[in-house]
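Take a look at the structure below.
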Amino acid sequence: MSKGTKKAVPSDSDDAPLVSKKSTGRGSLTSPTVLKKPVRASETAIGESGDSDAPLGVKLAKEKATIQKRAAKEAQVINRGEKDAKKAVKRPQANGESSSKKKSQANGVKKEESDDDMPLACKAPASKKANPKHAESTPKRKGKVAKKEETEQDEEAEAEEEEYRWWEDPTKSDGTKKWATLEHAGVVFPPPYQPLPRNVQMRYDGIPVKMASEAEEIAGFFGAMLNSTHNVESPTFQKNFFHDFQEMLKKTGGAKDKDGNKVAIKDFKKCDFQPIFNHFDAERTEKKALPAAEKKRLKAEKDEAEAPYLYCLWDGRKQKVGNFRVEPPGLFRGRGDHPKTGHVKKRVDPEQITINIGKEATVPSPPEGHRWKEIKHDNEGTWLAMWQENINGAYKYVMLAANSDVKGQSDFKKFEKARELKKHIAHIRKDYERELKDEVMANRQRATAVYLIDQFALRAGNEKGDDEADTVGCCSLKYEHVTLKPPNTVIFDFLGKDSIRFYDEVEVVPQVFKNLKIFKKSPKGPGDDIFDRLTTSALNKHLANFMTGLTAKVFRTYNASFTMSNLLQDMKSSGSIPEKIKDYNEANRKVAILCNHKRTVAAGHDTQMEKLGDRIKGLKYQKWRVKQMMLDVDPKIKKKKGAEFFELDEDLDQQWIQEHQNFLVEELGQKITKKFEKENEKLKADGAKEMKHKELTERLEAADDLAKKFKQENKKNKVEAEGKGPTIEKLEGNLEKLDQRVATMLVQAEDKESNKEVALGTSKIVRISSALSAGNVEKLLMGAAELHRPPSDSGLFEEVRRPY
DNA sequence: CGTTGAACTTAGCACGTCCCGA
DNA sequence: TCGGGACGTGCTAAGTTCAACG
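Count along the first sequence starting at 1, add 172, and that's the number in our numbering.
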């Protein structure tokens with residue numbers, strides 16, 4: 173937006189002067205050979221240069237050494253804000269990797285692929301254009317191999333389609349052609365609108381009104397949402413909803429009262445959707461109350477109707493479809509401060525939907541009296557159907573499920589890429605450290621941005637429009653999102669993806685601090701881009717020089733994976749299973765924190781915590797009582813154990829104990845009563861006679877006894893030992909059990925508290941397949957290429973959750 | 001070279017189901 | 001055995017990326 177308005181930024185006095193952009197400008201940006209010279213040999217302490225030739229075992233060993241050396245330092249990434257600066261400066265440097273240099277040069281040059289080198293797939297009769305797309309991402313050598321393979325296989329495919337299994341070969345480059353044949357049943361439309369029963373009406377200013385079903389449907393959208401305050405209370409949401417609602421009313425003849433008089437709907441506040449909400453709510457309860465058999469039948473019915481859509485035939489193989497249901501109409505629930513939240517998301521007509529399907533396949537028929545927008549046979553796409561939604565014009569795709577072969581493969585590629593980044597990371601870091609002092613502003617900004625992305629797992633940060641929520645990522649950071657605290661502390665505070673707040677106080681290397689200071693210098697002020705000479709595409713273009721396919725987002729995958737790996741390796745493999753789970757969760761949480769995966773604190777969190785706290789206190793009280801009982805059994809023990817042992821825990825005071833005792837008594841009473849009632853119900857159901865009320869009164873005496881007992885205890889300051897034949901040993905045993913319960917509960921509480929706003933789901937990905945031993949994990953991590961066999965996933969961590 | 005279109009990944013929320021402790 | 005919280009899953013919004021376009 174305001175990009176490019178500011179050019180040279182004044183140079184920092186205590187730093188080499190920045191040449192303003194009139195100098196060579198962005199020469200190196202467009203130059204394909206950014207990797208000028210290999211890094212000095214003396215710095216190749218941890219060499220990974222020979223990797224490509226080394227046998228796997230050696231590779232692993234080398235990598236392991238590297239990891240372990242770096243692990244301690246990397247771990248700090250998690251404790252961002254601690255002592256990051258040092259680590260960043262002293263990061264071990266790896267060799268510049270001449271092989272990679274060659275590679276990237278070859279790629280960077282982007283030599284035109286002659287027709288001969290075009291993957292054969294492109295020449296297949298099905299494809300309409302000779303397509304250079306993706307060409308440069310396929311090294312020539314590979315391309316040729318692929319070409320040969322495909323030639324053979326194409327023939328093979330013609331001969332015996334059954335054996336055509338190229339998609340299973342993970343070494344095969346994807347090229348452009350994603351499938352040869354594709355069959356599917358299309359999409360499922362949501363049911364048509366069902367008008368509300370006549371007696372269910374929105375009220376305006378207290379008066380029930382009727383309206384055309386088109387308008388009623390919109391009112392219904394809002395009414396159905398009354399329980400989710402989140403949306404309904406947002407002024408933008410209300411405004412947008414009401415605007416669309418009024419418009420529809422205008423179009424359909426407005427609202428009328430019971431006598432047919434027009435009622436002008438002018439004020440949102442006078443609209444009462446409660447009757448509609450109640451209606452839906454009642455419907456829901458009714459459904460829930462349905463007998464199990466009936467529920468089952470309904471489900472079976474639905475399943476049967478949808479069965480044809482569940483799978484497609486992708487090159488003759490059955491593959492699960494992800495989302496074959498067309499999104500139903502409703503109110504757009506944009507997150508955060510989305511300017512369009514609340515607008516009506518319209519029903520999607522078949523006329524808006526494009527179907528992508530194999531040429532030979534039967535095109536699914538559109539609903540009676542309709543036609544599809546278009547039929548495509550685009551085998552370069554993985555989607556089955558597509559439409560554009562009316563709010564933002566966003567494209568919606570029907571694609572395969574996450575556990576399908578295609579998705580699995582691309583997912584796998586993602587990790588391969590992250591693993592490859594591992595080989596280049598040292599070089600990249602070295603490079604940006606140097607460029608942090610580059611005289612060309614654009615380069616310096618780029619280096620700084622890469623630093624931030626690498627160190628703090630920021631997202632790339634594309635520019636966004638005015639009609640979207642105001643969120644940022646690295647490249648789109650604004651003046652006000654970064655606060656500098658000398659000597660080298662940086663405070664990030666901004667809304668990221670999904671309007672999730674990113675707040676972090678970190679230490680950076682001095683040069684980065686200096687740079688940020690420069691980038692923020694006047695005349696820049698709030699609202700201005702910090703990286704005003706940088707775009708995500710420039711940044712990615714630069715990254716691609718280091719490694720084919722390297723982009724900003726790979727760093728997130730890499731960092732998440734790498735962190736997880738290190739944490740898991742640090743785990744003692746000797747622990748018990750629950751301990752391992754806890755450790756694993758802990759590691760997971762750290763990764764989630766690294767990636768800033770957050771969730772809104774659950775509504776009941778505070779109450780839950782309080783409850784937990786009370787329960788812990790209760791246990792401590794129990795402990796105290798047991799100890800008193802020990803005194804009762806053997807008074808001499810006081811000397812043996814020391815008086816301190818028998819003192820009341822400092823968390824507890826007399827008042828709390830009093831309350832707790834009352835609570836216990838009450839609880840007991842309630843339990844007894846409940847049990848009594850239940851037994852009675854049962855008796856009744858069996859046709860037997862119910863117990864008299866007297867029985868209950870008798871039973872309730874136990875509660876009274878307890879109260880009395882407490883009173884006694886309080887008065888005498890002594891607790892009588894319970895149970896038959898109490899011995900010190902038995903009581904010790906009790907005590908131990910209580911201790912254990914306190915411990916687990918404390919852990920629980922801690923876990924809960926630290927998890928309250930961390931979303932684990934996203935990074936909890938990691939399905940550890942078997943044992944959590946460090947060796948295994950490492951193998952999984954580093955050797956996933958060898959181990960990975962979709963769809964029987966080998967249990968890696970990913971940045972995304974993968975079902976199944 | 002910046003902008004836009006298109007395709008694909010990433011991610012939080014809502015809700016239903018499962019599971020575990022009292 | 002029951003109730004409530006953890007967990008899984010569907011849904012769809014919100015990102016990133018790459019290529020075509022003007």
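By construction, the Cβ of each residue, glycine as well, lies at the ideal position given by its N, Cα and C atoms.
Counting along the chain, where does the alpha helix (DSSP H) carrying residue i start and finish?
i: Ala-557; result: First-last for Ala-557: 557 to 560, but that is the beta strand (DSSP E), not the alpha helix (DSSP H).
i: Gln-627; result: 613 to 628
i: Tyr-604; result: 577 to 607
i: Arg-469; result: 464 to 482
i: Thr-401; result: 401 to 404
i: Val-684; result: 682 to 691
i: Phe-718; result: 708 to 718
i: Ser-456; result: Here the sequence assigns Arg to residue 456, which means Ser is not the residue at that position. That run of the alpha helix (DSSP H) goes 446 to 461.
i: Arg-871; result: 865 to 888
Please report how far the alpha carbon of residue i lies from the alpha carbon of residue j, in whole angstroms.
i: Asp-326; j: Asn-551; result: Unreliable placement is indicated for Asp-326, whose pLDDT of 38 sits below 50; the coordinate value is still reported in the next sentence. Roughly 15 Å separates the two Cα atoms.
i: Phe-361; j: Lys-428; result: 31 Å
i: Asn-889; j: Ala-454; result: 55 Å
i: Asn-906; j: Lys-789; result: 16 Å
i: Lys-984; j: Asp-704; result: For residue 984 there is no data in the structure shown, the boundaries of the chain being 173 and 976.
i: Ile-702; j: Leu-649; result: 6 Å
i: Asp-821; j: Tyr-793; result: 8 Å
i: Lys-808; j: Ala-860; result: 55 Å
i: Arg-871; j: Glu-838; result: 13 Å
i: Lys-349; j: Lys-713; result: 24 Å
i: Met-802; j: Ile-829; result: 20 Å
i: Phe-848; j: Lys-883; result: 26 Å
i: Ala-384; j: Lys-467; result: 33 Å
i: Ile-563; j: Arg-469; result: 37 Å
i: Trp-796; j: Asp-876; result: 22 Å
i: Met-397; j: Phe-449; result: 8 Å
i: Asn-575; j: Asp-911; result: 45 Å
i: Lys-411; j: Asn-687; result: 43 Å
i: Gly-432; j: Tyr-365; result: 23 Å
Grab the span of the beta strand (DSSP E) containing residue i for me, first residue to last.
i: Ile-663; result: 661 to 667
i: Ile-547; result: 546 to 548
i: Ile-527; result: 526 to 528
i: Phe-413; result: That residue, Phe-413, is in no beta strand (DSSP E); its alpha helix (DSSP H) goes 407 to 423.
i: Asp-509; result: Asp-509 -> no beta strand (DSSP E), and no H or E assigned at all.
State the CB to CB distance for the pair residue i and residue j, rounded to an integer number of angstroms; the pair is presumed to be in contact (CB under 8 Å).
i: Ala-629; j: Arg-728; result: 5 Å
i: Glu-892; j: Asp-806; result: Contact flag wrong, Cβ pair sits at about 13 Å.
i: Gly-514; j: Phe-440; result: With 8 Å as the limit, Gly-514 and Phe-440 do not qualify as a contact, their Cβ atoms being about 11 Å apart.
i: Ala-573; j: Lys-459; result: With a Cβ gap of about 27 Å, Ala-573 and Lys-459 do not count as contacting.
i: Glu-503; j: Phe-414; result: For the sequence presented, residue 503 should be read as Leu rather than Glu. Not really, about 11 Å apart at Cβ, beyond 8 Å.
i: Phe-664; j: Val-644; result: 10 Å between Cβ atoms; not a contact.
i: Met-571; j: Gly-494; result: 5 Å
Only counting the same chain, and skipping five residues up and downstream in sequence, which positions put a Cβ closer than 7 Å to that of residue i?
i: Ala-590; result: Val-726, Thr-729, Tyr-730 and Ser-733
i: Val-435; result: Tyr-376, Ile-379, Val-381, Ala-427, Lys-428 and Asp-429
i: Val-914; result: Ile-788, Leu-791 and Lys-792
i: Leu-986; result: Outside the modelled stretch of the chain, which goes from 173 to 976, sits residue 986, for which no answer is possible.
Would you mind sorting residue i into buried or exposed? The rule is 16 or more other CB atoms within 10 Å of its CB.
i: Glu-478; result: exposed
i: Arg-370; result: exposed
i: Thr-534; result: exposed
i: Pro-522; result: buried
i: Phe-817; result: exposed
i: Leu-462; result: exposed
i: Leu-624; result: buried
i: Tyr-567; result: exposed
i: Gln-446; result: exposed
i: Asn-399; result: exposed
i: Thr-708; result: buried
i: Asn-980; result: Residue 980 cannot be examined here, being either before or after the span of the chain that is shown, 173 to 976.
By Cβ distance, which residues of its chain are closer than 6 Å to residue i, with the 5 residues on each side in sequence left out?
i: His-356; result: Cys-484 and Leu-556
i: His-451; result: Val-372
Using a Cβ-Cβ cut-off of 8 Å (strictly less than) and excluding sequence neighbours within five positions of residue i, which residues of its own chain qualify?
i: Ile-437; result: Tyr-376, Val-381, Phe-417, Gln-418, Leu-421, Gly-426, Ala-427 and Cys-443
i: Pro-659; result: Pro-682 and Phe-685
i: Phe-691; result: Val-181, Gln-617, Thr-620, Ile-702, Phe-703 and Asp-704
Please indicate yes or no: does the CB of residue i lie closer than 7 Å to some heavy atom of the ligand COA?
i: Gly-721; result: With respect to the ligand COA, the structure offers nothing, as it holds no ligand at all.
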